[in-house]
Structure formats: structure tokens, C-alpha cells
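Student: Heads up, the sequence shown is in the UniProt record's numbering, so the first residue is 1 and it goes up one at a time.
A virtual CB, placed ideally from N, CA and C, is assigned to each residue, including glycine.
Given the structure is predicted, the values throughout are model-derived calculations rather than measurements.
Here it is, the structure, as C-alpha cells.
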Amino acid sequence: MVVVAEAARSPTMPAEVVMRLARHPHLAVRRGVAGNEAAPASLLAALGTDGTLPPARLCYGCDASADPPPGMCCRGRHEGALVDLRYALVANPTTPPQTVAGWVEEPAMWVRWAVAERQDLPPEVYRRLAGDPVPGVRGEAAANPTVTESLIRVMASDDTNDVRRRLAHNPRVPLDVLAEIAPITRIGPALLPRIAAAGPAEVAQMARSPVAAVRMLLAARPDLPPEVVNLLAEDPDAKVLKSLAPNPALTEAQLRTMVARHGSRVVVRVAHNPTCSPGLLHELATHVPPVQKAYRIIAAHPHADAATLTLCLADHQGRPVAARHPTLPAATIIKLLDDPDERVAEAAAANPSLPRPAMETLLASWRVNPETLRSPVIRRSGTPVNCLQFVTDHRTAAQPHIRMDQDHGHGFAALRALRGSAAERSLALKEWNGMVRGKAQSGMSVTSLGPSAGASGARSNGRTTRR
């Protein structure tokens, strides 16, 4: 039955077969048809209309031979399966809007929630959903970009924060409604679609809005004109400056003024600014009182210098991030290889500034499976030929896997950090493929590296074991 139900979902299923499956006596098969976007709209409407098709005789809740999914119940009328069927029909964009509109007052909350997501229903449907007793359903209707402006103004008075928050994210919300709900709604620093789409005149109007929450939301927009950035940089409200602080158009003097005026409240957001100078980052790291959340942000900043990174190493959140920073002195990186925190040791091993002898020392106690060398993680950087040859030569039948236990979990990270010249990458590729041909002749299955060796890749999912 499961196989038939899954087959009914296939968009490549012939129409005559889909028509026959829609009359199947088991509701699980009909549910598969209901989720098939290639099914005819008339057939989907028939599935959702009582009396159009022969009644089903079985569902997962009453089929003794089936394993019912969690929450599936049947008291003789296939109640749970019918709810699931309606949900699939509502979620299917091919289902006619008039069929979906009939479930606006469906007892099952999930069906009404899915109805509120549809963007092709009559305005009356959304008006009724705006009065739904479940806040999640009202919130989904509030976020729907097809609702009318008059309904948006009605929903602005909803007493649930989540409904107003979803309304603020509606791209069609009027700016005056946004100004009404912003002060009483926890929206967060996200860039709202309506503000992102605002024209120059609207941006200038919001920049001078008497509502601080509106100015805060505007400040999150990264492409503000210089005159608006300068105006907001003088804003007396700390929330506005926190939202504006990461904007790269700000000068260092403006950033320093923010910190001087509002201190700890803006330190973290200022540290996010990509134009922060090494000196300003050092001042943020030595701020009194210290702001712990700022250390990991500072440690990841490309402009952080060695002295600032040393300060970040003293913080438990900033330490793993700072250990990966290429500006860290080589002696410090080597010392961090023995850090008791495995995250710190692995980050130090992956640091591109780790000296080559230290990398090779880490590899000296390893046995690397050649299958691992097929992964994009190794190919992305072009492992130097001597290290590539090292790891292939040390593969034995008794030790086919990488050693990656708690004490040496950073060795593979060191292998990832190795870099080589273009000539080395080319030679490594030739030697590796030569080894592949030799393995193939002996009956072993090893895939050769293609011309993309050295291209950017992703993390390896190779299995590891103790030696």
C-alpha cells in the first residue's frame, strides 16, 4: 500500500492511472493523488467534494495490516485520514480556489493554517481567517501579500504580538500602519520587505519619523543614501544606532562616537561593521565593562590584529574563533594545537598561517584512507604533492581509516589547511591518477580526481576511527 500511495504522488504518472488511483478504496492512495501537482484540477476538486467519488473503505487508522502514522485516528469515519487529505489538497497549488475556500472553517487547525497560506482566494476568505481563534492562522493571513489594505488596517489592532509581527513583514503593509504597530511589536532588527522596497521620498520621510521604532527599522537597510546615514548616525536613540552600526557607509569617527555615547549597548553591533579599523577593534575588546558577546565577533573580523586576537583568546566563546584567524602569530597557533578544548585545537590546525613543518608533524601519526582524498575538502586547496604522497603511502589494510580521536581530532583540519602552488597541484593530480590506475589494475575501486581538483569544496563526511 505504501508503494502505491507513493506512486500516486508522481508527477509523471499517466492521467488515466491517476484517475483510477483517485477512486482507490484506501485513503492513503487518494492522499497521494491529492498531493500530486500534475493531477487534473477537476480530479482534485472531486477528491475534496463529498459524494463525488465512491466512499473510501480503509485508512491507516482502521487498516489492521498497516502501521498508522503518529496521531492518525479512525472512529469508523476515517476522521484523521480525511483531515490529512484536505491538508494535502489545500497545499497543492493545482487544487481549485473554490474548493479550498470551502474549508475556511474546517475544525482542524492545520487545514485552516494552510488555507491562509494560499494567495489565490477571494478577499472574503481572508477576512474570515483574520477572525480565526488560532493566532497562528491569523498570523499567516496577516503575512499573505494578497490581503487587501483595508484588512491590513483591521489586523493592525490584533492583540497578539506574533500576528502584528507577521503583518509588519507583509510587503504591502502601508507605512503609516507600520508606524502604528512598530512601537508595540517585537519585530527585531530584520530588514522588512516594505522598507526594502521604499522609494527615496519614503526613505527620507521615515528617517525623520517621530517614531524611533520606524527609524530603527529603516536603519537596518544597507543601501541608505549617505545623507540618511549621516542623519541616523546622530540619532539619540540607542536602538536606532544599534541597527545602523553594521552599515559600511559609516566613518570610523561616527562609530567611535556611537561607542562613546552608548557604550556597551552598541559594542557588539559596531564590531559587526566590516570597515572597523584594527585600532577600533582593539578598543572594543578592551571596553570597560567588557562585553562578552563581542569577543567572538571581533575574533572573526578580518581587520583584527594579533594583540586584539590575544585578548579574544581569553574568552571561551572567542577562543575557537580567534584560533582560526590567519593574523594570529605562528607560535601562538602551534601552542593552541595542544589546547584541551578540541574546538580550539581543530581551529588552530585549520589556520592557514600554521607553519608547514607543524602541519607535517601532525600528519606523521595519521593513516589516511585514499577514499577521503576524493572529497571536495581535499581537492579544494590542492594538497601539496609530498603530503598527498605521504597519506597515500601510509594506507595499509590494517589501518584503512583516518585517526581522528579526541586527542588528534585536529589532524585532518591541518590536512585541509595545506596549500600548494599550481605546479604542485598539477603534479599531485598526475601522481594520484597514476596511483588510481595501478589500484584499478589490481582490482581495487578508487575514483580518480578530475580536472576540478583544487576547486572550492565542502566538508568531508569521511568516517573515522581510532588507530
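Can you find the residues in the same chain that come closer than 6 Å, C-beta to C-beta, to D120, ignoring five residues on each side of it along the sequence?
Tutor: Closer than 6 Å at Cβ, skipping near neighbours: P97.
Student: Is H316 helix, strand or coil when you go by DSSP?
Tutor: In the structure shown, H316 adopts coil according to DSSP, grouped into three states.
Student: For H169, name the three-state secondary structure that DSSP assigns.
Tutor: coil
Student: Thinking C-alpha only, which one of Y126, W113, M155 and S157 is nearest G136?
Tutor: W113
Student: If the criterion is Cβ atoms closer than 9 Å, does the pair L354 and A345 meet it?
Tutor: no
Student: Whose CA, out of A330, T286 and I297, lies closest to the CA of P320?
Tutor: I297
Student: Taking just the CA atoms, how far does S243 sit from P189?
Tutor: Going by C-alpha positions, P189 is about 6 Å away from S243.
Student: Out of V17, V291 and P278, which has the shortest C-alpha to C-alpha gap to R269?
Tutor: V291
Student: By the DSSP assignment, the alpha helix (DSSP H) with D176 in it spans what residues?
Tutor: Its alpha helix (DSSP H) spans residues L175 to I181.
Student: Which same chain residues, not among the five before or five after A143, have their C-beta less than 8 Å away from its C-beta?
Tutor: R166, L167, H169 and N170
Student: Can you grab the Cα-Cα spacing for the pair W103 / V214, in whole Å?
Tutor: 37 Å
Student: Would you mind working out which of N351, P340 and R343 sits nearest L328, comparing C-alpha positions?
Tutor: N351
Student: Measuring alpha carbon to alpha carbon, tell me which of G139, A56, D176 and A304 ends up nearest T160.
Tutor: G139
Student: Taking the alpha-carbon of P200 as reference, which of R31, D223 and L178 has the nearest alpha-carbon?
Tutor: D223
Student: Which residues in the same chain have their Cβ closer than 6 Å to the Cβ of A41, if we skip the five residues on either side of it in sequence?
Tutor: In the same chain as A41, and ignoring 5 residues on each side of it, the C-beta atoms closer than 6 Å to its own belong to T94 and P96, in chain order.
Student: Which residue comes first and which comes last in the alpha helix (DSSP H) that contains E202?
Tutor: P200 to A207
Student: Could you spell out the range, first to last residue, of the alpha helix (DSSP H) harbouring A142?
Tutor: P135 to A143
Student: Can you name the start and end residues of the alpha helix (DSSP H) that N230 belongs to?
Tutor: Membership of N230 in the alpha helix (DSSP H) is indicated by the continuous run P226 to A233.
Student: Using 10 angstroms around the beta-carbon of G48, count the other beta-carbons present and answer buried if the total reaches 16, otherwise exposed.
Tutor: buried
Student: Please report the distance separating the alpha-carbon of P236 from that of A260.
Tutor: 12 Å
Student: Give me the Cα-Cα distance between P289 and L311, rounded to the nearest whole angstrom.
Tutor: 14 Å
Student: Report the option in L362, V134, G131 and V177 whose CA atom is closest to the CA atom of E149.
Tutor: V177
Student: Based on Cα-Cα distance, which residue from A46, I187, L175 and R186 lies nearest to A207?
Tutor: L175
Student: Per DSSP, what kind of secondary structure is V361 in: helix, strand or coil?
Tutor: The displayed chain sequence assigns Thr, not Val, to residue 361. T361: helix per DSSP, three-state reduction.
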